[in-house]
Each structure stands twice: as C-alpha cells, then as structure tokens.
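*Asks:*
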Amino acid sequence: MMDKHDYYETLGVERNADDAVMKKAFRKLAQQYHPDVNPSPEAEAKFKEINEAYQVLSDSQKRAVYDRYGHAGLSGAGGPNDFNQGFGDLGSIFEELFSGFAGTAGGRRGGGRRSPRRGADLRVDISLSFEQAAFGTDRELEVPRMEECDRCYASGAEPGSSPERCATCGGTGEVQRRQHSPLFGTIVTASPCPRCNGEGEIINSPCAKCNGQKRVRVTRKLKVNVPAGVDDGTRIRLAGEGEAGALGGPAGNLYVVISVEPHPVFVRNEFDLHMELPINIAQAALGATVHIPTLDGAPEKLEIPAGTQTGKSFRKRGLGIPRLQRAGRGDLIVIARIVTPTNLSSEQKELLRRLAESFGDESTEPKKGFFDRILGTD
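Its first residue numbered 11, the sequence shown is counted upward by one per residue in the numbering used here.
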C-alpha cells in the first residue's frame with residue numbers, strides 16, 4: 011500500500027494554520043480538482059486526497075490525534091477512510107464553490123424560476139442656451155419607454171381570463187434533473203422550465219394589447235426641472251421614470267444629459283465667468299469708466315485705472331454662475347486687452363508723434379516700436 015501524503019502538505023498549509031486558512035486552501039484546491047469541472051483522469055483521486063486531508067484537519071479531535079500519532083493514529087478510529095460518511099458535512103462548501111457550474115455536490119443548483127428584474131435605464135439628451143443652464147429652466151420631454159400594460163394590469167392575460175399554473179413545473183418555474191454519482195451520490199440540477207420560460211404560469215388567452223408580454227411601449231410626456239448652475243455634461247436623474255420592470259421588478263431611471271450652447275461673450279470656468287474687454291490706448295493710459303455686459307442683462311460699471319496693461323484682470327464678485335444646488339454665485343472676471351488703433355487720420359498721427367517725442371530719453375526701443383506700428387512708420 012502506498013504511503014499517505016502529509017495532510018498539511020496536501021493542503022499546502024503550515025502545521026499551525028488556523029481553520030480559516032485551511033478552509034481557504036481547501037476551497038482553492040477543490041475548485042481546481044473537483045471532478046465535475048476537471049476532466050483529468052487524476053482529478054478524482056486528487057480530490058479524494060484533498061477532501062480526506064480537510065476532513066481530518068478541520069475536525070479538532072481528529073487533528074489532535076493526527077498531530078500526535080500521524081496516519082497510524084487515525085486507522086480504525088473513525089478516521090478518514092470512510093469517505094462518503096464525512097462528505098455530507100461539506101455540502102455547504104461545495105454549494106458555495108460550484109453554484110455557477112452544472113451541478114452542486116450533495117445539493118442542488120439555483121437558477122430555476124425567473125426572479126423579478128429591474129427595468130432598463132433610459133437616457134435623453136437636451137440642449138440648453140448658456141442663460142438657461144446658468145439660471146435654470148423647465149423642459150417638457152417626450153420619452154418612449156416600456157410600461158406595464160394597463161389593459162391586463164401586467165398579468166399578460168386577456169381581461170376575464172387568468173394565467174394557469176404550468177403543468178410541467180407545477181408552478182415552480184423550474185424543472186429538476188437528478189443524477190447519481192458514485193463519488194457524490196445524488197446531484198440535483200435545476201433550470202428554468204422550458205414550457206413557461208421560468209414564470210410558473212401559462213397564458214392561454216393573451217392580452218390583445220400586449221400580446222401576453224405584460225408590457226407595452228408608449229411615449230410619455232415628462233416635465234423636468236433643470237436647476238440653476240448646470241454645466242455641459244451634467245446628468246439629472248429622474249428616479250423610476252425609466253422602463254417598467256419585469257415580473258414585478260422596479261422601474262429603471264431616466265437620465266437627462268445636458269449640453270450647453272456657447273456664449274458669444276462669456277466663457278465659463280466652473281462657476282466663474284470670463285470675458286475680454288477691449289480698451290483703447292487712451293483709456294489704458296489715462297484710465298476710464300466703462301460699462302460691461304453681464305449675464306443678468308444689466309450693464310455693470312467698471313473703473314479702468316490709469317496705466318492699465320493688456321492682460322490686467324478685474325473681478326466683479328457675485329456676477330458669475332449660480333452655484334448648483336448651493337447658495338451664492340461665482341464671479342465675473344474681466345480681462346483687459348489694449349486695441350491698437352488703425353486707419354488714423356493725419357491729425358491723430360500728428361498728435362501721437364508729439365506724444366512719442368514728449369517721452370524724450372525715457373522712450374525705449376520697444377516703446378518706439380509701438381508708436382511706429384500705430385503711425386505706420388518703420
């Protein structure tokens with residue numbers, strides 16, 4: 011007779027391993043060598059060896075005997091030789107391990123009667139003007155979707171009739187198949203009933219409106235409130251406004267996805283607005299009071315200080331985008347840009363020449379170049 015392998019080596023664990031470590035090791039090896047999933051001729055023998063080791067090491071009394079006397083201490087004393095006797099205790103482990111395969115050792119596989127299913131989510135895209143996105147708006151949508159049939163009240167049967175219990179599955183929605191395995195005994199597998207498609211009932215008189223499908227496609231008008239402060243790509247969720255569920259499942263959701271048209275003046279950066287303000291050289295040099303546009307529509311006064319350079323920014327607080335579902339607004343950021351005049355009259359050119367000459371020795375080459383461009387000279 012061949013010598014038995016060390017049980018700890020069989021499971022690949024240390025001799026001081028606790029129950030959790032051994033169970034994890036057993037699960038991993040069982041998935042690899044279970045004969046139902048491993049067609050190798052050696053798999054059955056290997057699996058018996060793994061199971062034998064786990065039966066001993068998972069039992070505190072047997073493990074104590076084995077640790078002290080080895081395999082000899084287990085012979086004839088309720089040891090692991092009676093393989094089938096101890097196997098039934100592992101049913102919960104095998105059911106957990108192999109619930110996704112063709113069968114479950116010592117038990118049955120799920121996946122029989124069809125369960126309620128949640129309805130599909132829907133998406134609708136809408137386009138908003140810049141102002142609508144900033145200040146909010148209401149929109150009416152037309153949404154095609156599946157809803158429960160209002161003629162048969164989602165029973166699928168013509169009014170005045172009722173679905174009948176499926177004779178094939180007895181109303182359970184599943185059929186079972188039993189197989190006998192020399193190694194594992196009876197294996198029961200369950201699958202959806204082919205006659206009633208897992209619903210447990212037969213509709214002999216289908217509803218004239220839904221044709222027995224229990225749902226119909228309709229186009230529903232829905233009103234959506236778009237809050238102030240939405241941005242391009244914002245999603246608004248309307249809970250339960252998606253397609254109806256099946257077999258009593260809940261409805262899905264409707265997602266409204268926002269796209270925002272660009273504005274001719276303002277550019278958005280989160281909740282701040284940015285705009286460019288053209289000013290002439292006199293305004294930049296001497297300072298000026300100007301009026302700037304706002305998203306609200308009313309012009310806002312802005313003081314341009316003397317000596318303003320291109321790129322200088324001014325912040326008008328509270329004139330930006332309303333914060334989404336929060337109090338307050340962002341700011342309006344105004345960027346000054348000095349515009350070089352073109353098509354000057356002779357008088358204007360003469361005035362600028364005098365101005366350039368008045369700088370005297372203070373004029374640097376870059377400054378002279380600036381006036382040369384204005385005056386059209388090299």
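Glycine is no exception: its CB is placed at the ideal position from the N, C-alpha and C atoms.
Computed from a predicted model, the values in this text were never measured in an experiment.
If you measure between the beta carbons of ILE348 and HIS284, is that distance less than 8 Å?
*Replies:* Your numbering for residue 348 matches position 338 in the sequence shown. Your numbering for residue 284 matches position 274 in the sequence shown. The answer is no: Cβ separation not under 8 Å.
*Asks:* Going by the DSSP bridge assignment, what does ASP282 pair with across the sheet?
*Replies:* Locating residue 282 in the sequence shown gives position 272, counting from the first residue. For ASP282, which the question treats as bridged, DSSP gives the partners ASN279.
*Asks:* Thinking C-alpha only, which one of ILE197, GLU280, ASP28, PHE369 is nearest GLY340?
*Replies:* Within the sequence shown, numbered from 1, the residue matching residue 340 stands at position 330. The shortest Cα separation from GLY340 among ILE197, GLU280, ASP28, PHE369 belongs to GLU280.
*Asks:* Let's test the definition: count the other Cβ atoms within 10 Å of the Cβ of TYR163 and tell me whether it reaches 16, buried, or not, exposed.
*Replies:* Numbered from 1 along the sequence shown, position 153 holds the residue referred to as residue 163. Exposed.
*Asks:* Quick check: what's the CA-CA separation for ARG327 versus GLU357?
*Replies:* Reading the sequence shown from its first residue, position 317 is the one you call residue 327. Reading the sequence shown from its first residue, position 347 is the one you call residue 357. When rounded, the distance between both Cα atoms is 42 Å.
*Asks:* For the candidate residues GLU52, ALA167, VAL66, TYR43, whose alpha-carbon lies nearest to that of LYS402?
*Replies:* Any answer about residue 402 is impossible in this case: the structure gives the chain only from 11 up to 388.
*Asks:* Please report how far the alpha carbon of GLY6 lies from the alpha carbon of GLY129, in whole angstroms.
*Replies:* No answer is possible for residue 6: the residues shown for the chain start at 11 and end at 388.
*Asks:* CB-CB under 7 Å to GLU313, same chain, minus the five flanking residues each way: which ones, in chain order?
*Replies:* Taking the first residue of the sequence shown as 1, we reach residue 313 at position 303. If we look at GLU313 and ignore the five residues flanking it on each side, its Cβ neighbours are THR299.
*Asks:* By Cβ distance below 7 Å, which residues in the same chain neighbour CYS159 in space, the five residues on each side in sequence not counted?
*Replies:* Here residue 159 corresponds to residue number 149 of the sequence shown, with the count starting at 1. Correct list, in chain order: CYS217, LYS219, CYS220, LYS224, ARG225, VAL226.
*Asks:* Determine which residues share a DSSP beta bridge with ALA82 and list them.
*Replies:* For the purposes of this step, residue 82 is taken as residue 72 along the sequence shown, with counting starting at 1. Paired residues: none, contrary to the question.
*Asks:* When burial is assigned at 16 or more other CB atoms within 10 Å of the CB, is TYR79 buried or exposed?
*Replies:* Mapped onto the sequence shown, residue 79 falls at position 69. Looking at its Cβ environment, which holds fewer than 16 other Cβ atoms inside 10 Å, TYR79 is exposed.
*Asks:* Taking only runs of the beta strand (DSSP E) that begin and end inside the segment 292-323, which ones reach a length of at least 3 residues, in chain order?
*Replies:* The segment 292-323 contains these whole beta strand (DSSP E) runs: 298-302, 310-314.
*Asks:* With a 10 Å radius around its C-beta and 16 neighbouring C-beta atoms as the bar for buried, classify HIS15 as buried or exposed.
*Replies:* If you number the sequence shown from 1, residue 15 lands on position 5. That one is exposed.
*Asks:* In chain order, which continuous runs of the beta strand (DSSP E) of length 3 or greater are located wholly inside the segment 115-191?
*Replies:* Listed in chain order, they are 132-138, 147-158, 184-191.
*Asks:* Out of LEU334, LEU329, THR199, GLY170, point me to the one whose CA is closest to LYS311's CA.
*Replies:* To locate residue 311, count along the sequence shown from 1; it is residue 301. Per the Cα distances, LEU329.
*Asks:* Closest to ALA254 by C-alpha separation, out of ALA30, GLY222, PRO126, would be which residue?
*Replies:* Translated into positions along the sequence shown, residue 254 becomes position 244. Taking only the C-alpha atoms, the option nearest ALA254 is PRO126.
*Asks:* So ILE331 and GLU286 are in contact, right, with Cβ under 8 Å, and what is the actual spacing, rounded?
*Replies:* For the purposes of this step, residue 331 is identified with residue 321 of the sequence shown, where counting begins at 1. For the purposes of this step, residue 286 is identified with residue 276 of the sequence shown, where counting begins at 1. Rounded, the Cβ-Cβ distance is 18 Å, inconsistent with contact.
*Asks:* Could you please give the first and the last residue of the uninterrupted alpha helix (DSSP H) stretch that includes LEU361?
*Replies:* Position 351 of the sequence shown, counted from the first residue, corresponds to residue 361. First-last of the alpha helix (DSSP H) with LEU361: 356-368.
*Asks:* Closest by CA to LEU248, which one among LYS56, ALA238, VAL234, GLY239?
*Replies:* Taking the first residue of the sequence shown as 1, we reach residue 248 at position 238. The candidate whose alpha carbon is nearest that of LEU248 is VAL234.
*Asks:* Specify, as a first and last residue, the run of the beta strand (DSSP E) that LEU257 falls within.
*Replies:* For the purposes of this step, residue 257 is taken as the residue at position 247 of the sequence shown. Note, LEU257: premise wrong, no beta strand (DSSP E); not H, not E.
*Asks:* Along the chain, where does the alpha helix (DSSP H) containing ILE268 start, and where does it finish?
*Replies:* For the purposes of this step, residue 268 is taken as the residue at position 258 of the sequence shown. Careful: ILE268 lies outside any alpha helix (DSSP H), inside the beta strand (DSSP E) at 264-270.
*Asks:* Grouping DSSP H, G and I as helix and E and B as strand, with all else coil, what is VAL23?
*Replies:* Here residue 23 refers to the residue found at position 13 of the sequence shown. In this structure, VAL23 counts as coil in the three-state DSSP scheme.
*Asks:* Short of 8 Å in beta carbon distance, which residues of its chain neighbour THR178, apart from the five on each side in sequence? Order them along the chain.
*Replies:* Residue numbering aside, residue 178 sits at position 168 when the sequence shown is read from its first letter. VAL185, CYS203, PRO204, ARG205, CYS206.
*Asks:* Rounding to the nearest angstrom, what Cα-Cα distance links SER215 and ALA256 in this structure?
*Replies:* Indexing the sequence shown from 1 puts residue 215 at position 205. Indexing the sequence shown from 1 puts residue 256 at position 246. Cα-Cα distance, rounded: 19 Å.
*Asks:* Which two residues bound the contiguous beta strand (DSSP E) that contains LYS233?
*Replies:* For this step, residue 233 is matched to residue 223 along the sequence shown. Counting along the chain, the beta strand (DSSP E) containing LYS233 begins and ends at 225-236.
*Asks:* Work out the CA separation of PHE276 and ARG363 for me, nearest whole Å.
*Replies:* Position 353 of the sequence shown, counting from 1, holds the residue named residue 363. Position 266 of the sequence shown, counting from 1, holds the residue named residue 276. If I take the Cα positions, the gap works out to 37 Å.
*Asks:* Going by beta carbon distance, what residues of the same chain come within less than 7 Å of GLY262, once the five residues before and after it are set aside?
*Replies:* Stepping through the sequence shown from its first residue, residue 262 is reached at position 252. Closer than 7 Å at the Cβ level, and outside the excluded window around GLY262, lie ARG128, GLY129, ALA130, ASP131, LEU132, GLY252, GLU253.
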